[in-house]
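So the structure is just underneath, and the comments pick up after that.
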Amino acid sequence: MMAAKYARENNVPYLGICLGMQLAVVEFARHVMKFPDADSTEFNPNTKTPCVIFMPEGSKTHMGGTMRLGSRRTFFKVTDCKSAKLYGDVNYVDERHRHRYEVNPDMVPAFENAGLQFVGKDETGQRMEIIEIPDHRFFVGVQFHPEFKSTPSKPSPPFVGKLLDTYWKLSWSSGKLQQTLTICSNIHTLPTGLIAAACGQLDQVLQDSCNGHVVAAKHKLGDSSSTPLVHQNGHAQKQANGGVANGTCHANGNGSTHG
Ligand SMILES: NC(=O)CC[C@H](N)C(=O)O
Numbered sequence: 110m111m112a113a114k115y116a117r118e119n120n121v122p123y124l125g126i127c128l129g130m131q132l133a134v135v136e137f138a139r140h141v142m143k144f145p146d147a148d149s150t151e152f153n154p155n156t157k158t159p160c161v162i163f164m165p166e167g168s169k170t171h172m173g174g175t176m177r178l179g180s181r182r183t184f185f186k187v188t189d190c191k192s193a194k195l196y197g198d199v200n201y202v203d204e205r206h207r208h209r210y211e212v213n214p215d216m217v218p219a220f221e222n223a224g225l226q227f228v229g230k231d232e233t234g235q236r237m238e239i240i241e242i243p244d245h246r247f248f249v250g251v252q253f254h255p256e257f258k259s260t261p262s263k264p265s266p267p268f269v270g271k272l273l274d275t276y277w278k279l280s281w282s283s284g285k286l287q288q289t290l291t292i293c294s295n296i297h298t299l300p301t302g303l304i305a306a307a308c309g310q311l312d313q314v315l316q317d318s319c320n321g322h323v324v325a326a327k328h329k330l331g332d333s334s335s336t337p338l339v340h341q342n343g344h345a346q347k348q349a350n351g352g353v354a355n356g357t358c359h360a361n362g363n364g365s366t367h368g
């Protein structure tokens, strides 16, 4: 909660996942909306300001069966937001879930009046999936777990966005993000991989760096049309001289070694 407060007040990039989003909401209620006893009923069942409440899915009582679990759909309700841009301006995303408590839907209008946006919701509009503070450089909370679908060569968009914004204070306004990424992608430094990941081109960059080249990513954010050219979990054969046969390389290992 202190980390969320510090990030919010000091314009430090913040990505809250599941409980991280819930705590950011409680923090916002306490310190922006001035409800000192705001809480999650998970921690204080008697709070007079229950901003996060038990919202079971499936059984309402059976322990173990009350969890909102697995892949669920999130619809973007605000199209001009950072999360929608990161996911490639899609209408919805499917991400994995694992929780029982959620933002109290009855308090959403009050939160929105105070400047907290609920940019992603489930199909009923009752379950809050993504929050953002529009005035902040990068303050994003997700009720789902983006890490579950994140892989080395296709990192999840919220993580890429947080890292990109940490390295550069990006301009997220319409049309500017692509321009900023194009400029950044010409800098041949560590973030080349990050840019490539954001553009769905990490496979290409890994392939080219195996061949001794470093290339700038050119495709637009969210464009996943590039064809993977390397083994992501692969079986390329490493030669005795330490080289990799056929110019192939691994994103995360498991190659066999000869000699
Ligand atoms: N995965 C989590 O962070 C769980 C958050 C919270 N304890 C819930 O069940 O809602």
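The sequence shown runs 110 to 368 under the working numbering. All residues carry an ideal CB built from backbone N, CA and C; glycine is no exception.
Residue closest to residue i, alpha-carbon to alpha-carbon, out of the options
| i | options | result |
| --- | --- | --- |
| Ser234 | His254, Asp244, Glu211 and Gly250 | Position check: residue 234 holds Gly in this sequence, whereas Ser was assumed. For Gly234, the nearest C-alpha among the options comes from Glu211. |
| Leu128 | Phe268, Phe253 and Met164 | Phe253 |
| Ile126 | Gly174, Ser180, Arg207 and Phe163 | Arg207 |
| Asn213 | Met130, Leu124, Met110 and Glu118 | Met130 |
| Glu136 | Pro165, Ala112 and Thr156 | Ala112 |
| Val161 | Pro122, Asn200 and Glu238 | Glu238 |
| Arg209 | Pro165, Pro266, Pro122 and Thr170 | Pro165 |
| Gly224 | Ile242, Glu256 and Pro266 | Ile242 |
| Ser180 | Ser265, Phe257, Asn222 and Met216 | Phe257 |
| His140 | Pro266, Thr275, Phe220 and Ser262 | Phe220 |
| Thr188 | Asp274, Arg236 and Ile240 | Ile240 |
| Met216 | Tyr276, Tyr123, Lys157 and Glu151 | Lys157 |
| Glu151 | Leu132, Gly167, Ala138 and Val251 | Leu132 |
| Tyr123 | Arg177, Ser265, Val251 and Lys263 | Val251 |
| Pro159 | Thr170, Met176, Ala138 and Thr175 | Ala138 |
| Leu273 | Pro218, Ser192, Thr170 and Arg205 | Ser192 |
Counterpart residues of residue i in DSSP-defined beta bridges
| i | result |
| --- | --- |
| Thr260 | Lys263 |
| Ile126 | Val251 |
| Met237 | Lys230 |
Distance cut-off 8 angstroms: residue i Cβ against heavy atoms of ligand 2
| i | result |
| --- | --- |
| Arg139 | This structure simply doesn't include ligand 2; it includes ligand 1 instead. |
Do the segment 223-234 and the segment 175-184 make contact, defined as three or more Cβ pairs closer than 8 angstroms? The segment 223-234, when compared against the segment 175-184, does touch it at the 8 angstroms Cβ threshold.
Using a strict less-than 6 angstroms threshold between each residue's beta carbon and the heavy atoms of ligand 1, what residues do you get? Residues with a Cβ closer than 6 angstroms to any heavy atom of ligand 1, in chain order: Cys127, Leu128, Glu151, Arg207, His208, Arg209 and Tyr210.
So, does the segment 139-148 touch the segment 190-197, judging by three or more C-beta pairs under 8 angstroms? Too few Cβ pairs lie closer than 8 angstroms, so no.
Does the segment 236-250 come into contact with the segment 110-117, if we say contact requires no fewer than three beta-carbon pairs (one atom in each stretch) closer than 8 angstroms? Cβ pair count under 8 angstroms is three or more, so yes.
Within the segment 142-227, ranges of the beta strand (DSSP E) (whole runs, at least 3 residues): As far as the segment 142-227 is concerned, its whole beta strand (DSSP E) runs of at least 3 residues are 159-163, 177-185, 201-208 and 210-212.
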